[in-house]
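Asks: After the structure tokens below, expect a handful of questions from me.
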Amino acid sequence: MTETIIQQIGSYLASQILKQPNRTITADESLISSGLIDSFSLMDVALYVEDNFGVRIEDTELNADTFDTLTQLAALIESRKK
Amino acid sequence: MAIVEIAILACIAVFVGWLSKGRKLALLAVSALVLYWLQPHQEPVNLMFWLPTLTVFITALSWIITAKPDSRGWKENRAAVIVLLGVITFVDLNRFFQFDWFFPVETPRLQWIALVILLVSGMAFTLARLGKFNRFVLMLAVVALIGLLALIKTPSMAAWLFEAMATLRGKEAGGQSSLAWLGFSYVSFRLLHTIFDRLAGRLPSVSLAEYMNYVIFFPAITAGPIDRVERFVAGLNSPLPLDAEGWVDAGQRIFTGLFKKFVVADALAWIALNETFARDAQSTGWLWTLLYAYSLRIYFDFSGYTDIAIGLGRLLGVRLPENFDKPYFKSNLTQFWNSWHITLTQWFRSYFFNPLTRAMRSTSKPVSLWVTILVSQVATMVLIGLWHGVTVNFIVWGLWHGCGLFIQNRWSEFARARFSARATSLSSQRLFQFAGIFLTFNFVSLGWLFFALPSPESAWNAMLKLAGVL
Amino acid sequence: MRSDVHPLRLVAKALLLFVFVNAAYALAQPPVSSLSLYNVMFPGRMRLPFDDGSSTYTVMIDDVSAMLASHAVAKPKPEDEYRVLLIGDSSVWGETLLPNESISEQWNALNNQCNGKTIKFYNLGYPHPSVIKDLIIVEESVEYDPDLIVWFTTLNSLIPRRISAFMDANREDALRLMDTYDLAFPERETLIQLEPSFYQRTIIGQRSYLNRWFKLQLLGFVWSADRTDMDMQYFPENVEGNSPDVEDHVLYRQMEPTTDLQKLMVFEAFAAGQEIAGVTPILFVNEPMFIASGENSDLRYNRGYPRWAYDQYREAMREEAIRSQWKYLDLWNTIPPEYFSDTALHLSAEGERLLIEQVDPLVKSMLCQ
């Protein structure tokens, strides 16, 4: 399950946010603290997660402290789904 | 804070941190006392008593309206109430002791302060009885806090306030236009954060002592960081031991901070750009060095104080969040703002930027990306500017950074698609990196002109001089 | 790794190092004062560092080697330069004048040349009138290879009286010169007792001096950018000028007109200056002063000088110059009253130009033949 989430969001990031469909984002690559995803795109990610997994990520949670990698994001989604 | 004050506070921090019983209450008492002790002197002198007292009252009232009824019990919070009232009374007793080193002011008569305490306590109790507060009350509190902040941060309104106070006392106003209220910029933002989180229904249950300690925590009262209440209280409740590692950690932080502030920043202050230097400047090249001196000074001053705050916090067993992360070594403006005054930008991101962006992106017909970016960036940066003071200079500074962020964002979007393939060799990557750092530092430095100089015109003139035009 | 550190041992080591470094500094007395970023990284200053009260542009350092090291005069003399040092008090330094209005820069603007060399003037004036202070600066600055020294003087300088911050900062030089040349100074005993203790020679004891020295170096950035050493806001354009009326008393520093001032005048300092300068000629100039014309002007020339005292001084100076065969120019009454600024001795920028006109021919003749 976690694997699918990581893969799904990873390909969304590469194609829609970074506009580099051929790029693979590894599960433990840092997304926010490295500056890979800026704060606008971060909101798009949050909306994408909300639409596709039915999990809301709060405005105060959109930072590297809450999640910085796909693994952490997937874990967050998993924990909220239950 | 001067060096002696920091030394005294460090000793107190070690003592309070060492206590096993009553640690939270002792910390509360010290933090409240420090509010009075460090409050800057200004006319009318009574403000030295009333402003800290107001800070305590406002914080207590904010706790009452944000705390869940189950955490508002009298039994659990009795001790904290007694400590706070005790501190206020104790400070008022200085009327008889006249310890000038503590408080060079005659405090109000006991019956006055007793009356005020009675009124506020009565109000507090009535509020506490009401039970749960609806959104209306919370929104009212938000408006009141922002209004108060705007009042003291707007020079013309502050001048009006001084005038009103003088008239009330039947005296001449001194023509002051800035109200020095120790820590209020930080205090009000901490309070707003708890109210917003309460509105969102995600504020954890905290006692009065915990809430109060978070808001007026003495290491962070003068220069932040702002922190978040759940993080702070978790740390407060499971303090780090002050073992060998803790001593070294705290000592390193405090001495680094002292060096940054009292050696580097204070020396740079001699040559940091100011109105006189800008007016007399004749050499473009050397004028840049004075501007850089200003940039470095403001960094070393602020981050030095933050280091001291974090070090003092560590002595108490509390780990405060970092506020700076090598901001001048960042290769673009977005990264600069991710590493400069981090807790303030986080605050704005959580309570203004993200909600605004979310609203603009999730309407049925989403606003186009670049409009979203422009509007939310500029609005956020202007608000951050206004937090420093409601003046034209700070608005222009906000616009400068808001537009800078927008341009940088669009440029990197444009460049990523075109240059990423080319800039793969290590040396060209490094070159881009250096160019980015250089550009960002200079952009930020030019922005500081609006901080360093008194009016937008003088800042503009200095820009022309820096460009070699004037 | 971290857990290996013992906080107490660390503090003990730090304390030990602190004591050791301070003691070593006190014993070795490193020549900090002669180190300077000026003339290396920054252009040399046009005047000696003197604080106008704002601390914006300069800092009071008073230590003569540090002051001269920051001055443009400390730069090696080029082949094609005649070097002229201007010695004197605040009227030479140019209080109420910007650096480029001061006497040296106005003179340099004339771009005087002879024998294929340019005559370059260096302002080494320093506020507080005292020939002993002047002599300390002369002794220190002959190192910089002058071709001529122009020494401006007045009655107040010739009777030095109190221990200025400058004299305190250059205590050893002052005492040595007093002993060597037998210079009378009423506060000599007090000065001897000001001997710094061991503690005062440590880094901690020297912290105020080191702080000011450091500030002087850093201010090089501001000097380079602004080329000024004073905040003119401290001297508003309408400085209160001299009044044509003067007070009705005739005392000079509490002394009655019957006093023989000549015995108090330290002419030995001029002789010593000549000896120290060796073959370099010295031109002595009696500073022009404001002369009152209103009420009580029959008693006093101006706020500073009663007539009897100043007349005694002029006569004594004239005799001494003849006896010792000094080149001497007495310009006491040569500048009209409207060219003075805030005191009887401070000239306006225009006044400085008139003064230059009068000294210039003699300077040229002394250098160019």
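Residue numbers (the numbering used here), protein chains in the order written: chain W, 358 to 439; chain S, 20 to 489; chain H, 873 to 1241. Glycine included, C-beta positions come from ideal geometry on N, C-alpha and C. Just so you know, these numbers come straight off a predicted model, no measurement behind them.
Assuming contact is defined by CB atoms lying nearer than 8 angstroms, are H:PRO921 and H:LEU1088 in contact in what I supplied?
Replies: Result yes, Cβ atoms of H:PRO921 and H:LEU1088 sit closer than 8 angstroms.
Asks: In chain order, which beta strand (DSSP E) runs of at least 3 residues are fully inside the segment 924-1012 of chain H?
Replies: List check, beta strand (DSSP E) in window: 953-959 and 989-995.
Asks: Assuming S:GLN365 contacts W:ASN420 (C-beta within less than 8 angstroms), just tell me the rounded distance between them.
Replies: Correct: roughly 6 angstroms between the Cβ atoms.
Asks: At the level of alpha carbons, what is the spacing between S:TYR313 and S:VAL463?
Replies: Spanning the two alpha carbons is a distance of roughly 11 angstroms.
Asks: Terminal residues of the continuous alpha helix (DSSP H) containing S:PHE278?
Replies: First-last for S:PHE278: undefined, no H or E at that position.
Asks: With 7 angstroms as the C-beta to C-beta threshold (strictly closer), list the residues of the segment 299-317 of chain S near chain H in chain order.
Replies: Taking 7 angstroms as the Cβ-Cβ cut-off against chain H, the residues of the segment 299-317 of chain S that qualify are ASP299, ALA300, GLN301, SER302, TRP305, LEU306, THR308, LEU309 and ALA312.
Asks: Identify which residue in S:TRP289, S:GLN61, S:ALA143 and S:ALA99 has its Cα closest to the Cα of S:THR85.
Replies: Ranking S:TRP289, S:GLN61, S:ALA143 and S:ALA99 by Cα distance to S:THR85 puts S:ALA143 first.
Asks: Hey, is the segment 339-349 of chain S in contact with the segment 286-305 of chain S, meaning 3+ C-beta pairs nearer than 8 angstroms?
Replies: Contact between the segment 339-349 of chain S and the segment 286-305 of chain S is absent, because fewer than three Cβ pairs lie under 8 angstroms.
Asks: At the level of alpha carbons, what is the spacing between H:SER1036 and H:HIS1000?
Replies: Each residue's Cα considered, the two are about 8 angstroms apart.
Asks: Under the rule that 16 or more other beta-carbon atoms within 10 Å means buried, what is H:VAL893, buried or exposed?
Replies: It is exposed - the Cβ of H:VAL893 has fewer than 16 other Cβ atoms within 10 Å.
Asks: Would you list the one or two residues that DSSP bridges to S:PHE115?
Replies: Paired residue(s): none; S:PHE115 is not in a bridge.
Asks: Looking only at its chain, what residues have a beta carbon closer than 6 angstroms to the beta carbon of H:ASP1202, apart from the 5 residues adjacent to it on each side?
Replies: Around H:ASP1202: ASN1158.
Asks: I think H:ALA1216 touches H:GLY1166, with their Cβ atoms under 8 angstroms apart; what is that distance to the nearest whole Å?
Replies: Their Cβ separation, rounded to whole angstroms, is 14 angstroms, which puts H:ALA1216 and H:GLY1166 out of contact at 8 angstroms.
Asks: Determine whether the Cβ of S:THR391 lies closer than 8 angstroms to any Cβ atom of chain W.
Replies: By this cut-off, S:THR391 is an interface position.
Asks: My output table needs one value for H:ILE1021: the three-state DSSP class, helix, strand or coil.
Replies: In the structure shown, H:ILE1021 sits in a strand (DSSP, three-state: E or B).
Asks: Is it true that the segment 325-332 of chain S meets the segment 264-275 of chain S, where meeting means three or more beta-carbon pairs spaced less than 8 angstroms apart?
Replies: Counting Cβ pairs under 8 angstroms, three or more are found: they touch.
Asks: Spatial neighbours of S:LEU310 within its chain, please: C-beta separation below 6 angstroms, excluding the five flanking residues on both sides.
Replies: Correct list, in chain order: LEU292 and SER464.
Asks: In chain H, what lies closer than 8 angstroms to S:LEU267 by C-beta?
Replies: Note that residue 267 of chain S is Val in the sequence shown, not Leu. Those within 8 angstroms of S:VAL267 in chain H are ARG874, VAL877, PRO879 and LEU882.
Asks: Going by DSSP, name the residue or residues bridged to H:VAL1157.
Replies: Per DSSP, H:PHE1024 and H:LEU1201.
Asks: Kindly indicate which residue of S:ASN373, S:THR399 and S:LEU489 has the alpha-carbon position closest to the one of W:ASP416.
Replies: Minimum Cα distance to W:ASP416 is reached at S:ASN373.
Asks: Please report whether the beta-carbon of S:THR353 lies at a distance below 8 angstroms from any beta-carbon of chain W.
Replies: Closer than 8 angstroms: yes.
Asks: Straight-line CA distance for S:LEU137 to S:ILE77?
Replies: Using only the alpha carbons, I get a separation of about 15 angstroms.
Asks: Can you tell me whether S:GLU294 is buried or exposed, with buried defined as 16 or more other CB within 10 angstroms of its CB?
Replies: Answer is exposed; the Cβ neighbour count stays below 16.
Asks: For a cutoff of 8 angstroms on Cβ pairs, would you count W:ASN409 as touching chain S?
Replies: For W:ASN409, the answer is no, since every Cβ of chain S falls outside 8 angstroms of its Cβ.
Asks: With S:HIS212 as the anchor, note down where its alpha helix (DSSP H) starts and where it stops.
Replies: Taken as a continuous stretch (DSSP letters only), the alpha helix (DSSP H) holding S:HIS212 covers 203-218.
Asks: Evaluate S:PHE155 with the Cβ neighbour count: other Cβ atoms within 10 Å of its Cβ, from every protein chain shown; 16 or more gives buried, anything less gives exposed.
Replies: The residue is exposed, with fewer than 16 neighbouring Cβ atoms inside 10 Å.
Asks: Please report the straight-line C-alpha distance between S:ASP216 and W:GLU435, rounded to a whole angstrom.
Replies: Taking the straight line from one Cα to the other gives about 23 angstroms.
Asks: Let me make sure I understand the geometry here. Which of S:LEU112, S:LEU129, S:GLN130 and S:LEU44 has the alpha-carbon closest to that of S:PHE122?
Replies: The option with the nearest alpha carbon to S:PHE122 is S:LEU112.
Asks: Mapping DSSP to helix, strand and coil, what is H:PHE1086?
Replies: If DSSP states are grouped into helix, strand and coil, H:PHE1086 belongs with the helices.
Asks: Restricting to Cα atoms, I'd like to know which of S:LEU445, S:PHE236 and S:THR186 is closest to S:LEU339.
Replies: The residue with the shortest Cα to Cα distance from S:LEU339 is S:PHE236.
Asks: Is H:VAL1010 near H:ALA1149, with beta carbons less than 8 angstroms apart?
Replies: Yes, the Cβ-Cβ distance between H:VAL1010 and H:ALA1149 is below 8 angstroms.
Asks: Suppose the cutoff is 7 angstroms on Cβ atoms and the five residues either side in sequence are ignored; what does the same chain contact list for H:ALA1188 look like?
Replies: GLN1134 and MET1137.
Asks: With 9 angstroms as the limit, tell me which residues of the segment 270-289 of chain S have their beta carbon closer than that to any beta carbon of chain H; keep them in chain order.
Replies: Listed by position, the residues of the segment 270-289 of chain S near chain H (Cβ gap below 9 angstroms) are GLY270, ALA286, LEU287 and TRP289.
Asks: I'd like to know if S:ALA263 contacts chain H, where contact means its C-beta is closer than 8 angstroms to some C-beta of that chain.
Replies: True, the Cβ-Cβ gap to chain H drops below 8 angstroms.
Asks: Check the Cβ of S:PHE319 against every Cβ in chain H and list those closer than 8 angstroms, keeping chain order.
Replies: Neighbours of S:PHE319 on chain H: none; closest Cβ ~14 angstroms, over 8 angstroms.
Asks: Quick one, which residues of the segment 927-950 of chain H are near chain S if we go by CB-CB under 9 angstroms, in chain order?
Replies: Those residues of the segment 927-950 of chain H that come within reach of chain S (Cβ to Cβ, closer than 9 angstroms) are SER927, THR928, TYR929 and VAL931.
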